[in-house]
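What follows is a single structure, written as structure tokens, with notes after it.
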Amino acid sequence: MVLEAPELLQATLQAKERYVRAKSELSIDKEHYLRLLEASKTQGAISPFDLSTVKSKVESDSALVNAEKANWEMQQTMMDYLKVTAPFDGVITERNVHPGALVNASAKDKPMLELKEVNHLRLQVDVPEGIAAELKEKDTVSFFVSAFPGKRNIGFVSRKSDNVNTQFRSERIEIDVWNNNGLLSPGMYADILLDAKGNAEAFSVPKSSVVSSTERKYVIVLRNGKTERVDVLTGNETAERAEVFGLLHAGDSVIVSANDEIK
């Protein structure tokens, strides 16, 4: 896209004209100086003052040529600003100006065009801190979008924020996605599949076995014919089971449907 600025074009043409005229004057005065210099070899033909005067004029013309050239090049650079070029390959998703429209310098709140890159997309995900700690850069991540049910897409972890959101206990990660087939679009929401690696020190129990209150989390264990509340921390979860960490032992009998009324 090329914008039009008649006053800038006129200034550029005038700068070029001055540069060409300065070059012409330099060429004439330089030729005159060379003729006088040659004639001065004959003693008494040319006075030193006249020769010095012409030489000074050539030097002045040369400085003027350099100045006019710099001014012309500056005007050409200003003309280049009228060419709106894309900083990267992409698709124009919004166009707010059309041929013939007047664009004011004060119209800063609304861009002329909006460009989105579609070949290389970035997926941002807030991951629970327990899982985020296991993720490493370049790990493969699978995800799905509602526009293409059942179609698995692949991305790679590119960066982690290394900052845990204290409200939601999650960490923001970014996943690079190469959209070579062009099926995905910027702005789509995705369902992510993450490999939540298990812990060798954890026990897996039904989620209904974990009792949560404002003060603690615990499971109820049967030991020597009596119930005992064992405080636990929870880890990865599925729809039906949860990892728990606490003073549990292999072979402990855990009440499946536990609640705080069990004595």
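Residue 220 in UniProt numbering sits at position 220 of the sequence shown, with consecutive numbering throughout. Beta carbons are placed, not taken as given, at the ideal position from N, Cα and C, and that holds for glycine.
In the DSSP assignment, find the beta strand (DSSP E) that holds residue i and state where it starts and stops.
{"i": "H98", "result": "Premise fails: H98 is in no beta strand (DSSP E) and is neither H nor E."}
{"i": "V145", "result": "140-145"}
{"i": "H120", "result": "120-128"}
{"i": "S62", "result": "Looking at the DSSP string, S62 is not in any beta strand (DSSP E); the run it does join, the alpha helix (DSSP H), is 48-80."}
{"i": "S166", "result": "Strictly speaking, residue 166 in this sequence is Thr, with Ser absent from that position. First-last for T166: undefined, no H or E at that position."}
{"i": "V219", "result": "217-223"}
{"i": "E228", "result": "226-237"}
{"i": "D109", "result": "Counting along the chain, D109 falls outside any beta strand (DSSP E), and DSSP gives it neither H nor E."}
{"i": "residue 325", "result": "Only positions 1 to 263 of the chain appear in this structure, which leaves residue 325 out of reach."}
{"i": "D191", "result": "190-193"}
{"i": "V205", "result": "203-206"}
If distances are taken between C-alpha atoms only, which option among the options comes closest to residue i?
{"i": "V104", "options": "V244, E4, V91", "result": "Looking at the sequence provided, one finds Asn at residue 104 rather than Val. Nearest of V244, E4, V91 to N104, Cα basis: E4."}
{"i": "A11", "options": "P128, V157, N96, Q76", "result": "Q76"}
{"i": "E25", "options": "T85, V91, V65", "result": "V65"}
{"i": "E73", "options": "V221, P206, V254, V20", "result": "V20"}
{"i": "K217", "options": "A258, G187, S253", "result": "A258"}
{"i": "T260", "options": "V230, T234, L13", "result": "Residue identity differs from the one stated: residue 260 is Asp in this sequence, not Thr. Nearest of V230, T234, L13 to D260, Cα basis: V230."}
{"i": "K226", "options": "I255, A242, T234", "result": "I255"}
Quick one: what's got a C-beta closer than 8 angstroms to residue i's C-beta in the same chain, skipping five residues either side?
{"i": "residue 268", "result": "There is simply no residue 268 to check, as the chain begins at 1 and stops at 263 in what is shown."}
Roughly how many angstroms lie between the CA atoms of residue i and residue j, to the nearest whole one?
{"i": "D109", "j": "L102", "result": "15 angstroms"}
{"i": "S185", "j": "G100", "result": "31 angstroms"}
{"i": "V210", "j": "A239", "result": "14 angstroms"}
{"i": "K160", "j": "L194", "result": "15 angstroms"}
{"i": "I175", "j": "G130", "result": "18 angstroms"}
{"i": "D191", "j": "V145", "result": "6 angstroms"}
{"i": "L222", "j": "K207", "result": "17 angstroms"}
{"i": "E228", "j": "E237", "result": "23 angstroms"}
{"i": "F203", "j": "V244", "result": "5 angstroms"}
{"i": "S213", "j": "A132", "result": "26 angstroms"}
{"i": "K116", "j": "A70", "result": "37 angstroms"}
{"i": "S60", "j": "D29", "result": "10 angstroms"}
{"i": "E38", "j": "K57", "result": "17 angstroms"}
{"i": "K263", "j": "I220", "result": "9 angstroms"}
{"i": "L9", "j": "L34", "result": "38 angstroms"}
{"i": "K55", "j": "E17", "result": "24 angstroms"}
Going by DSSP, what residue range makes up the alpha helix (DSSP H) through residue i?
{"i": "F88", "result": "No alpha helix (DSSP H) holds F88; DSSP gives it neither H nor E."}
{"i": "Y33", "result": "6-39"}
Short of 7 angstroms in beta carbon distance, which residues of its chain neighbour residue i, apart from the five on each side in sequence? Order them along the chain.
{"i": "V97", "result": "V103, M112"}
{"i": "S62", "result": "L26"}
{"i": "N163", "result": "E171"}
{"i": "T234", "result": "V210, K217, A242, E243, V244"}
{"i": "M188", "result": "V145, A147"}
Please return the same chain residues whose Cβ sits closer than 6 angstroms to the Cβ of residue i, not counting the five positions on each side in sequence.
{"i": "R152", "result": "S142"}
{"i": "D126", "result": "S170, R172"}
{"i": "L51", "result": "L36, S40"}
{"i": "I92", "result": "L113, L115"}
So is the beta-carbon of residue i under 7 angstroms away from any non-hydrogen atom of the ligand NAD?
{"i": "L8", "result": "You won't find the ligand NAD in this model; it holds no ligand whatsoever."}
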